[in-house]
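Each residue of the sequence shown is one higher than the one before, counting from 129 in my numbering.
For every residue, glycine included, the Cβ atom is placed at its ideal position computed from N, Cα and C.
Small disclaimer: the values here were computed from a predicted structure and weren't measured.
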Amino acid sequence: MQNFLKINEKDRVVVALRPIPAGEAIAVESGGRLREVTAREDIPAGHKMAICDIPAGGEVIKYGYRIGNAKEDIPAGAWIHTHNVKTALGDLLEYTYEPVPAEEQRTEDVTFMGFRRPDGKVGVRNEIWVIPTVGCVNNVAEAIARQANACVKGTVEEVIAFPHPYGCSQMGDDQEHTRKILADLINHPNAGGVLVLGLGCENSNIDVLKSYIGEYDGNRVKFVVAQECDDEIAESVEAVKGLIDYAAGFRREPVSVSRLVIGMKCGGSDGLSGITANPLVGRFSDKLISKGGTTILTEVPEMFGAETILMNRCADRELFEKTVDLINNFKNYFKSHNQTIYENPSPGNKKGGISTLEDKSLGCTQKSGSAPVRGVLQYGETVSAPGLNLLSAPGNDLVAATALAAAGAQIVLFTTGRGTPFASPVPTVKIATNSGLAKKKSNWIDFNAGVLVEDSTMEQETEALFDYVVEVASGKKVCSEAAGFHDMAIFKQGVTL
């Protein structure tokens, strides 16, 4: 295993891949020759060490880009972290479209075993979903799912309830977003059948929600209003039995991977996130897009500081302008609540070696690979353009992963340097950035990208991850599914009455 990594020739830092004790000398290539740098203090694994003198106010360069400015003179060999580097980001910025040529390759098609739906969509699961219109009936929804699971048969895999606390006492866009997300999930192809469970007096009641759902197959979607039933649980279970009968008629069949939509999200980062798991997902994204598939990148606050990289990869000026709005609208959201735009990174990120938001964002956006941006989506909007899409959603794990599912992702790839057991409405593949995490939390982690700094290559792991995703799309359960975990969360943005 390497002891350290210099990511880009322009970098003024290296990342320690193991603890580097004070007094240890390392040989770093710079300008085509090796030069020796001695650690002035202990450098924790995943953290940065200066490989040249950086004056106070000078740029700290990692990934070939500025991740902040030095708070003080930093000598070569010093540990670089939050104590001596600060963000260089401002608030609202003006941007210039400077397109970077990016050609998408076309590679041979591959198939997975999926479920073709009558509306032309393709699912990777054949589940029955119970979706409450309002939090008042959450417990009822979960009771229905528990009872109805005894009736599962054929290709139907599970009955799942998705409780949430919203659907009433909301106003304006906040209420609109809730309705859109619920409608998106009701229309999701991973659900072979859906029971929409209402209370009856809520703002987002079933009659209101139907206009957001649009046309639907009455065999696939059933509605129950609890206030109109003598026994809402018994009536709902009977409705779910009918949905199971309908969905059991679907069979897995070969489907082109061009029909896959994969969401991309990262959780608690460490110093290896931008070196192993995130660039690996980026390579996966490029590979899937080369076969006609679609990927979605979200977490807008974790694009701050790296946004120009994405803007200049927009396929045209209209998409560039939409991306500018994507960034600045999210900054205005922070400002409207009198919150600091650059509050990130989190304590866990900092412990893992991330020092500034630019540091995190430049690692985070590695998940986008190198393909052109073909679509920019608002929160609650569903994907329509094949290729790389950007989605407006926050960095919160549950909210962002749910937003990806609602946008049409059948699977979410979730990179993590810290580990988490959470799930989302769709299979959520946990990709560890380091082998220590993968070994310690094997009940959480589905794929280990940590081997990239040990004994494997990016080409090998890209193939391995692609093959694994095809397996998941064909029915292989990820760890959170095997544990019975299914989460969803809606982005709460407005006043509660």
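CB-CB length for residue i against residue j, believed under 8 Å
i	j	result
L541	V409	5 Å
I334	T261	6 Å
V501	L518	6 Å
R168	A206	5 Å
I165	I182	Per the sequence shown, residue 165 should be read as Val rather than Ile. Not quite, the Cβ-Cβ distance comes to about 13 Å (not below 8 Å), so this is no contact.
S397	G545	5 Å
K190	D487	6 Å
Limits of the unbroken alpha helix (DSSP H) element including residue i
i	result
S608	C607 to A610
M586	M586 to A601
Y193	Here Y193 belongs to no alpha helix (DSSP H); instead the beta strand (DSSP E) covers Y193 to A198.
E109	Since the first residue shown for the chain is 129 and the last is 625, residue 109 is missing from the structure and cannot be characterised.
G491	L485 to C492
A178	Premise fails: A178 lies in the beta strand (DSSP E), K176 to A178, not in any alpha helix (DSSP H).
N477	P475 to G480
T530	D525 to A534
Collapsed DSSP secondary structure at residue i in the structure displayed
i	result
F412	helix
N212	coil
G342	coil
V141	strand
E381	strand
T436	helix
G503	strand
K393	strand
V540	strand
C279	helix
Q298	strand
I314	helix
E285	coil
L400	coil
K350	strand
L565	helix
Proximity winner among the options, relative to residue i (alpha-carbon distances)
i	options	result
V365	S332, C394 and V324	V324
G377	D615, L438 and T283	T283
N562	E435, R253, A311 and L400	L400
A271	G242, S386, I455 and I361	I361
D525	I288, I403, A184 and L425	L425
I455	I341, P293 and V428	V428
E232	A535, G497 and S552	G497
V265	K569, S332 and G300	S332
A529	P203, I618, D358 and H292	I618
E538	K249, I208, P475 and K620	A quick correction: the sequence has Gln, not Glu, at residue 538. Looking at the Cα atoms, K249 is the closest of the given residues.
V511	Q494, C492 and A531	A531
K199	K138, K214, A533 and T404	K214
I314	V385, E330 and G346	G346
D373	T493, Q467 and N254	N254
I256	V268, M241 and V280	V280
C492	L438, G536 and R445	L438
Extent of the continuous beta strand (DSSP E) run through residue i
i	result
K558	T556 to A560
S158	A153 to S158
T548	Taken as a continuous stretch (DSSP letters only), T548 belongs to no beta strand (DSSP E), as it is neither H nor E.
R244	T239 to R244
K419	Where K419 is concerned, there is no enclosing beta strand (DSSP E), given that its DSSP letter is neither H nor E.
I189	E187 to K190
I455	Careful: I455 lies outside any beta strand (DSSP E), inside the alpha helix (DSSP H) at R445 to S464.
E164	R161 to T166
F619	Note, F619: premise wrong, no beta strand (DSSP E); not H, not E.
L519	G515 to L519
Opposing strand residues paired with residue i [DSSP bridges]
i	result
F575	I559
Y470	DSSP, once it has assigned bridges, lists no residue as partnering Y470.
G321	I256
C442	V501
V250	R244
L133	V143
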